[in-house]
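Okay, so here's the structure we're looking at.
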Amino acid sequence: MATFVLIHGGGSSSWDWHLVVPKLEEAGHRAIAVDLPVEEPGLSLVDYADSVSAQLDEARGDSSDGDGQGEQLVIVGHSLGGFTAALVAERLDADGLVYVAGMIPKPGETMQEWWDATGHSALGVDSEDELVFYNLVPDDLVVDAKAHVREETGSWMDAPWPGVGRETSTGFIAAEDDLFFPIEFAKQHARDRAGVEAVVVPGGHYVAIGAPDPLAKALAEFADGL
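According to my numbering, the sequence shown holds residues 1378 to 1603 in order.
Below, the structure written as structure tokens:
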């Protein structure tokens, strides 16, 4: 059994994972979707990581399954949430770290520098086009997703990533029809930054609500392989 800590992407919320959580639970795992304090200006990425740790402790304390002793801890970060997920995995000495269409940080690199450093800036992706994020998501869920959007205000985005790059068993799940992180870019990013081959699942960038079943299956298979 694994405990999955699910971290949403930029400007989003724990709602992003509401279709994935029950799938992981059906597979015999515990899944905890957290809310990053994205609307609080001036917070550092360490503050974000502290918030995740506190929410994990609270969820474990409220659970009838106990405090997680003997369980494998897997930290999952979607998109921009990869920056937080990688730091949380280091601080909690997690058993596994999974990027879902995620941004993989490097020690000392800022989020703003990531775009040029990885070659994403050269792709010409129009981030103002909603289809880039919501392709292959059912219309009703697009409406719900927009209702849960929050403004990302953390000053951490201009600060160097504070982790040290400790080695952790790492996986990368790429979405086959992702328009924001196109599949070939995502595969190369996984190789360059994590030294792993991406597992490809159906769906677009918002894969957690567009294709929750194959995503949950891929996450469970990662945990089973630890």
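For every residue, glycine included, the Cβ atom is placed at its ideal position computed from N, Cα and C. The structure displayed is predicted, hence computed values, not measured ones.
| Query | Result |
| --- | --- |
| Given a cut-off of 8 Å, decide if Ala1600 and His1406 are closer than it, judged by their beta-carbon atoms. | yes |
| Can you give me the C-alpha to C-alpha distance between Trp1538 and Lys1483, rounded to a whole angstrom? | 7 Å |
| Just the C-alpha distance for Ala1588 and Asp1554, rounded to the nearest angstrom, thanks. | 11 Å |
| So Arg1437 is in the alpha helix (DSSP H); what residue range does that whole segment cover? | Leu1422 to Asp1439 |
| According to DSSP, is Val1577 helix, strand or coil? | strand |
| Give me, in chain order, the residues of the same chain whose beta-carbon lies closer than 8 Å to that of Glu1528; leave out the 5 immediate sequence neighbours on both sides. | Gly1388, Val1415 and Glu1416 |
| Can you list, in chain order, the residues of its chain whose CB lies under 8 Å from that of Ser1421, leaving out five sequence neighbours each side? | Gly1531, Ser1532, Trp1533, Ala1536 and Pro1539 |
| Relative to the alpha-carbon of His1525, which residue among His1566, Phe1381, His1395 and Asp1427 has its alpha-carbon at the smallest distance? | His1395 |
| Answer yes if the region 1497-1515 comes into contact with the region 1547-1561, meaning at least three C-beta pairs across the two stretches below 8 Å, and no otherwise. | yes |
| Contact between the region 1471-1479 and the region 1451-1459: three or more CB pairs below 8 Å? | yes |
| I need the DSSP call for Tyr1511, collapsed to helix, strand or coil. | helix |
| Going by C-alpha to C-alpha distance, which of Ala1563, Thr1547 and Ala1552 sits closest to Gly1496? | Ala1563 |
| Among the candidates Arg1570, Asp1521 and Ala1551, whose CA atom is the shortest distance from the CA of Gly1542? | Arg1570 |
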